[in-house]
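> Residue numbers (the numbering used here): 5 to 731.
C-beta atoms are modelled at their ideal positions from N, C-alpha and C, and glycine is treated no differently.
Got a structure for you, questions after.
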Amino acid sequence: SLTSSPMTYPAHVRRALLALLLAGPLAAQPQQNADSSKTRATLDPVTVTATRVKTDVHNVAPAVSVIDSTTISKQLPNSASDLLRELPGVDVIGTGVNQSRPAIRGEQGQRVLLLEDGMRLNNARRQQDFGELPALVDVFQIDRVEVVRGPSSVLYGTDAIGGVINLITRAPQFGAGPSMSGRAGYEFGSSGSLGKAQAYVDGRQGNWAFEVGGSGRVAGDYTAPAGNYGNIHFGKSVTMMDSGVRDHNIVAYLGWRGASGNGTFAKVEQYVADNAGFGWIQPALLPGDQPLIQIRYPHQDFQKLTAGYNSGALQSALADKFDVTTYVQRNSRILAQHIFAGFGPGTPPGSGVDITTRNWTDLGTIGARAELTKVVQKAILTYGVDFFRDNSANTDSSLTSIIGFGPTQTQASTIPDVPNSTLTSVGLFAQSDFRVTDRFSLVVGGRVQSVASAPQITAGRADTLSGHTLSAAVYSANALYRVNDDLSLVASVGRGFRAPNLVERYFSGPTPEGSAFQISSPLLRPETSLNVEGGLKYNSDRVRAEGYLYQSDVSDGIETDSIGGSISGLPVYKNVNVAKIRRTGSELLAEVVLSHGVTVGANWSNTKSTNVSQPLSPVGDTYSNKLNLSIGWTDRSGRFWGEYVLRHNGEQKDIMQGSSPVGDVLPAFTVHTIRGGIRGWRIGNVRQDFTLAVNNLANTLYAEAANAGFFRPEAGRSVTFAISTSF
Numbered sequence: 005s006l007t008s009s010p011m012t013y014p015a016h017v018r019r020a021l022l023a024l025l026l027a028g029p030l031a032a033q034p035q036q037n038a039d040s041s042k043t044r045a046t047l048d049p050v051t052v053t054a055t056r057v058k059t060d061v062h063n064v065a066p067a068v069s070v071i072d073s074t075t076i077s078k079q080l081p082n083s084a085s086d087l088l089r090e091l092p093g094v095d096v097i098g099t100g101v102n103q104s105r106p107a108i109r110g111e112q113g114q115r116v117l118l119l120e121d122g123m124r125l126n127n128a129r130r131q132q133d134f135g136e137l138p139a140l141v142d143v144f145q146i147d148r149v150e151v152v153r154g155p156s157s158v159l160y161g162t163d164a165i166g167g168v169i170n171l172i173t174r175a176p177q178f179g180a181g182p183s184m185s186g187r188a189g190y191e192f193g194s195s196g197s198l199g200k201a202q203a204y205v206d207g208r209q210g211n212w213a214f215e216v217g218g219s220g221r222v223a224g225d226y227t228a229p230a231g232n233y234g235n236i237h238f239g240k241s242v243t244m245m246d247s248g249v250r251d252h253n254i255v256a257y258l259g260w261r262g263a264s265g266n267g268t269f270a271k272v273e274q275y276v277a278d279n280a281g282f283g284w285i286q287p288a289l290l291p292g293d294q295p296l297i298q299i300r301y302p303h304q305d306f307q308k309l310t311a312g313y314n315s316g317a318l319q320s321a322l323a324d325k326f327d328v329t330t331y332v333q334r335n336s337r338i339l340a341q342h343i344f345a346g347f348g349p350g351t352p353p354g355s356g357v358d359i360t361t362r363n364w365t366d367l368g369t370i371g372a373r374a375e376l377t378k379v380v381q382k383a384i385l386t387y388g389v390d391f392f393r394d395n396s397a398n399t400d401s402s403l404t405s406i407i408g409f410g411p412t413q414t415q416a417s418t419i420p421d422v423p424n425s426t427l428t429s430v431g432l433f434a435q436s437d438f439r440v441t442d443r444f445s446l447v448v449g450g451r452v453q454s455v456a457s458a459p460q461i462t463a464g465r466a467d468t469l470s471g472h473t474l475s476a477a478v479y480s481a482n483a484l485y486r487v488n489d490d491l492s493l494v495a496s497v498g499r500g501f502r503a504p505n506l507v508e509r510y511f512s513g514p515t516p517e518g519s520a521f522q523i524s525s526p527l528l529r530p531e532t533s534l535n536v537e538g539g540l541k542y543n544s545d546r547v548r549a550e551g552y553l554y555q556s557d558v559s560d561g562i563e564t565d566s567i568g569g570s571i572s573g574l575p576v577y578k579n580v581n582v583a584k585i586r587r588t589g590s591e592l593l594a595e596v597v598l599s600h601g602v603t604v605g606a607n608w609s610n611t612k613s614t615n616v617s618q619p620l621s622p623v624g625d626t627y628s629n630k631l632n633l634s635i636g637w638t639d640r641s642g643r644f645w646g647e648y649v650l651r652h653n654g655e656q657k658d659i660m661q662g663s664s665p666v667g668d669v670l671p672a673f674t675v676h677t678i679r680g681g682i683r684g685w686r687i688g689n690v691r692q693d694f695t696l697a698v699n700n701l702a703n704t705l706y707a708e709a710a711n712a713g714f715f716r717p718e719a720g721r722s723v724t725f726a727i728s729t730s731f
């Protein structure tokens with residue numbers, strides 16, 4: 005490939021190769037999948053997210069995981085978040101089929117940037133720890149998922165401190181001659197009696213290609229099994245309230261490509277979800293005096309229009325290729341909360357604070373990215389500009405009642421928690437991949453970015469808040485040295501940054517968890533990070549292995565801290581910049597192809613988080629260590645397959661004392677999964693596929709580390725099957 009050989013080609017050959025290399029992904033045109041009957045280790049995964057140039061994962065320094073469409077279809081995930089549980093360095097926050105979100109190397113929420121086809125999905129109106137929903141992009145539409153572990157602010161700007169997750173969607177393929185194909189399927193899961201129907205059809209005629217597809221899903225509340233987990237004891241299975249959803253997705257794509265490789269496309273998509281919740285267990289089933297915390301989205305409507313143009317091969321001194329993508333999206337959602345916190349011993353039975361809140365947010369976003377690529381001697385230069393503007397309008401209402409001391413005392417409010425505001429970002433970036441020698445390559449890049457937040461006069465908000473503009477400059481350097489054809493040594497150093505969003509600066513009201521009252525923090529500084537890591541990569545015909553050591557220091561990290569006093573009976577908190585949060589860890593993975601179609605794999609991760617300015621303050625909001633083991637088999641024809649997966653999370657001692665009903669230590673847990681299926685048997689010209697999975701085979705009671713604070717356990721043993729027909 006162009007990126008793995010010395011660049012000694014004539015200029016016109018370099019341009020032609022570059023056009024071929026970049027023709028698809030930067031304009032949301034993923035490649036067709038390789039023959040699924042081949043073993044995984046013989047298929048070198050390719051990334052476009054880490055470098056913006058199609059590159060073999062083995063030939064890039066950053067830690068990258070690629071999940072292809074075959075793996076997606078095998079795992080039968082509810083959303084892209086479920087695909088991440090078996091990766092090194094990645095964790096999952098939230099529960100249920102709709103509300104789970106990713107964390108990378110201990111960084112979560114707004115410190116992880118979620119992309120769709122290389123364009124940001126994050127918005128400025130999410131809570132800090134929530135992040136954006138991968139469920140906005142239906143997993144049925146995803147062709148592959150690329151996960152970059154470590155900061156990627158040079159290429160993608162704000163929010164990419166912990167890493168980037170790029171959901172690359174399916175698109176029709178251009179080619180000679182007319183064609184039409186399609187797929188329809190149905191999936192059933194015993195957990196919550198999930199039912200999902202999905203279908204798409206695509207085709208091409210001349211220079212045009214199109215696709216239309218969609219899905220619909222209904223899932224009820226799932227049950228967690230009986231068992232023990234720390235201080236938690238369930239004598240029988242319990243219902244995870246508000247863990248289901250009713251949602252649907254619609255997508256339409258139209259593209260044109262000329263003979264010279266230039267092309268344009270437009271894509272329209274909509275995701276609508278009703279009755280989605282964060283899940284909760286009845287407080288009476290938990291030890292201690294636990295509050296009732298019910299958080300749900302009665303309705304969410306996400307709409308997006310994306311359009312783009314790519315140039316093909318240019319005859320220009322400035323660029324061999326030019327891509328521009330623009331998008332307009334609207335995210336309307338209703339957030340409803342009900343919190344009841346009892347006053348505890350010594351007070352009348354049933355006494356406490358009852359808080360009911362409702363928020364309606366209408367968030368409009370416009371964005372664009374223009375990117376140029378130029379091959380210069382032994383380097384590939386990528387540079388450009390990106391822009392986005394979030395415009396948030398919202399209304400809030402709340403009713404707070406004090407119960408148990410005479411007549412109920414109530415206080416109603418319609419003061420917006422966040423004023424109507426905008427956040428605007430403009431960034432300039434450049435990155436160059438230098439082939440220094442045949443064995444040594446160096447990728448260096450930099451970005452400057454300006455981010456401005458502007459609150460508007462909002463009915464009900466009496467405080468006067470001024471706008472804020474900040475700028476940031478970041479850099480990265482990634483080195484790769486090939487010891488031989490199979491083994492490479494890698495090292496990276498880079499800075500990331502994250503601008504405070506509208507919620508962090510301007511939120512004033514009860515927190516979503518109902519445990520405190522938070523006041524605005526308009527003078528917050530941006531977070532910055534310095535990440536250093538090194539490792540090795542080995543890739544042969546039958547063995548693929550990687551290992552990394554890393555340290556990431558986040559300075560001016562935004563955390564919520566108590567400032568004393570109380571409002572409406574709740575302690576007062578405020579977002580503040582802390583001196584430094586340090587995360588250190590290691591990641592190892594290996595995959596070996598044995599004989600007779602058998603593949604074995606393993607990955608292990610550990611992470612340690614420290615508040616450098618307050619070393620005794622625990623920061624353990626993710627696993628301490630995680631081990632994944634797998635063994636899979638595929639018959640010679642590629643038609644029959646099966647696999648067994650084990651995931652073990654070690655105990656986590658680094659949690660805030662008394663903060664979890666589980667106790668002061670989160671216990672270790674082990675989860676087993678088996679999957680199998682039949683691919684590609686034909687009835688005439690129609691292909692049939694069948695997949696069956698049993699999750700949580702041992703029916704273990706457990707919760708992911710980030711879900712233990714309010715104890716939202718995972719589902720018990722469940723069976724899922726899917727059948728599809730393709731033509």
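Shortest alpha-carbon distance to glycine 569 belongs to which of Phe521, Ser512, Thr588, Tyr301?
Taking the first residue of the sequence shown as 1, we reach residue 569 at position 565. Closest by alpha carbon: Phe521.
> In terms of residues, what are the limits of the alpha helix (DSSP H) holding tyrosine 510?
Sequence index remark: in the sequence shown, residue 510 carries index 506 (1-based). Per DSSP, tyrosine 510 belongs to the alpha helix (DSSP H) from 506-510.
> Does serine 157 come out as helix, strand or coil in the three-state DSSP assignment?
Within the sequence shown, the letter at position 153 stands for residue 157. DSSP places serine 157 in helix when its eight states are reduced to three.
> Using beta-carbon positions only, say whether leucine 432 and valine 440 come within less than 8 Å of one another.
Here residue 432 refers to the residue found at position 428 when the sequence shown is read from its first residue. Here residue 440 refers to the residue found at position 436 when the sequence shown is read from its first residue. No, the Cβ-Cβ distance between leucine 432 and valine 440 is not below 8 Å.
> Roughly how many angstroms separate the alpha carbons of tyrosine 466 and arginine 587, rounded to a whole number?
In the sequence shown, counting from the first residue as 1, residue 466 sits at position 462. In the sequence shown, counting from the first residue as 1, residue 587 sits at position 583. This sequence places alanine at residue 466; tyrosine is not what is there. Each residue's Cα considered, the two are about 40 Å apart.
> In its own chain, which residues sit with a C-beta less than 8 Å from the C-beta of serine 73, not counting the 5 before and 5 after it?
Reading the sequence shown from its first residue, position 69 is the one you call residue 73. Around serine 73: Asn37, Ile146, Asp147, Arg148, Arg174.
> Mind the definition here: the segment 646-653 touches the segment 672-681 only if three or more C-beta pairs lie below 8 Å; say whether that holds.
These segments touch.
> Can you tell me where the beta strand (DSSP E) with serine 664 in it begins and where it stops?
Residue 664 sits at position 660 when you count from the first residue of the sequence shown. Run containing serine 664: none; DSSP gives neither H nor E here.
> Would you say asparagine 610 reaches chain B, if we count a Cβ-Cβ gap shorter than 8 Å as a contact?
In summary, chain B is missing from the structure at hand, where a single protein chain is found.
> With burial defined as no fewer than 16 other Cβ atoms inside 10 Å of the residue's Cβ, what is the status of threonine 369: buried or exposed?
By one-based count along the sequence shown, residue 369 stands at place 365. Result: buried.
> Of all the options Arg334, Asn232, Val276, which has the alpha carbon lying nearest to the alpha carbon of threonine 704?
Translated into positions along the sequence shown, residue 704 becomes position 700. Looking at the Cα atoms, Asn232 is the closest of the given residues.
> CB-CB under 7 Å to alanine 732, same chain, minus the five flanking residues each way: which ones, in chain order?
As shown, the chain starts at 5 and ends at 731. That puts residue 732 outside it, with no answer to give.
> Can you tell me which of the three DSSP states isoleucine 97 falls into?
For the purposes of this step, residue 97 is taken as residue 93 along the sequence shown, with counting starting at 1. Three-state DSSP puts isoleucine 97 in a strand.
> Using the three-state DSSP reduction, which class does valine 61 fall into: helix, strand or coil?
Here residue 61 corresponds to residue number 57 of the sequence shown, with the count starting at 1. Helix.
> In three-state DSSP terms, what is glycine 601?
In the sequence shown, residue 601 corresponds to position 597, counting from 1. Here glycine 601 sits in coil by DSSP.
> Starting from glutamine 79, trace the alpha helix (DSSP H) in both directions and tell me its first and last residue.
As a first step, residue 79 must be located in the sequence shown, where it is residue number 75. Taken as a continuous stretch (DSSP letters only), the alpha helix (DSSP H) holding glutamine 79 covers 73-79.
> Which ranges would you report for the beta strand (DSSP E) in the segment 443-506 if only whole runs of at least 3 residues count?
444-459, 472-486, 491-502, all fully within the segment 443-506.
> Comparing alpha-carbon positions, which option in Thr310, Asp327, Lys271, Phe409 lies nearest proline 352?
For the purposes of this step, residue 352 is taken as residue 348 along the sequence shown, with counting starting at 1. Closest by alpha carbon: Phe409.
> In the DSSP assignment, find the beta strand (DSSP E) that holds aspartate 545 and state where it starts and stops.
Here residue 545 refers to the residue found at position 541 when the sequence shown is read from its first residue. Unbroken run through aspartate 545: none, as it is neither H nor E.
> Assuming proline 665 contacts isoleucine 299 (C-beta within less than 8 Å), just tell me the rounded distance between them.
Translated into the one-based positions of the sequence shown, residue 665 becomes position 661. Translated into the one-based positions of the sequence shown, residue 299 becomes position 295. That pair is no contact at about 17 Å.
> Among the candidates Ser641, Thr426, Ser621, Leu620, whose CA atom is the shortest distance from the CA of histidine 600?
Here the question's residue 600 lines up with position 596 in the sequence shown. Ranking the options by Cα distance to histidine 600, first place goes to Ser641.
> Which residues bound the beta strand (DSSP E) around valine 698?
Here residue 698 refers to the residue found at position 694 of the sequence shown. 690-699 is the extent of the beta strand (DSSP E) around valine 698.
> Report all residues from its chain with a CB closer than 6 Å to the CB of proline 29; omit the five preceding and five following residues, and keep chain order.
For the purposes of this step, residue 29 is taken as residue 25 along the sequence shown, with counting starting at 1. Because the pLDDT at proline 29 is just 38, under 50, the model does not fix this residue reliably, and the value given afterwards should be weighed accordingly. Cβ neighbours of proline 29 beyond the five flanking positions: Val52.
> Keeping to the same chain, check which residues put their C-beta closer than 7 Å to that of alanine 164; ignore five residues upstream and five downstream.
Looking up residue 164 in the sequence shown gives position 160. Around alanine 164: Leu117, Pro155, Ser156, Ser157, Gly500.
> Helix, strand or coil for asparagine 711 per DSSP?
Taking the sequence shown and counting its residues from 1, one reaches residue 711 at position 707. Note: asparagine 711 maps to helix in three-state DSSP.
> If you count every other CB in all the chains shown that lies within 10 Å of the CB of aspartate 565, and 16 or more means buried, which is it?
Reading the sequence shown from its first residue, position 561 is the one you call residue 565. By the 10 Å Cβ count, aspartate 565 comes out exposed.
> Of the choices Gln209, Gly181, Lys271, Ala277, whose alpha-carbon is the least far from that of valine 101?
Taking the sequence shown and counting its residues from 1, the one referred to as residue 101 is at position 97. The shortest C-alpha separation from valine 101 is found at Ala277.
> Once the 5 residues before and after arginine 529 are set aside, which same chain residues still bring their CB inside 7 Å of it?
The residue given as residue 529 occupies position 525 in the sequence shown. The residues are Asp560, Asn581.
> Rounding to the nearest angstrom, what Cα-Cα distance links tyrosine 387 and glycine 498 in this structure?
What you label residue 387 is simply residue 383 of the sequence shown in a count that begins at 1. What you label residue 498 is simply residue 494 of the sequence shown in a count that begins at 1. Each residue's alpha carbon lies about 17 Å from the other.
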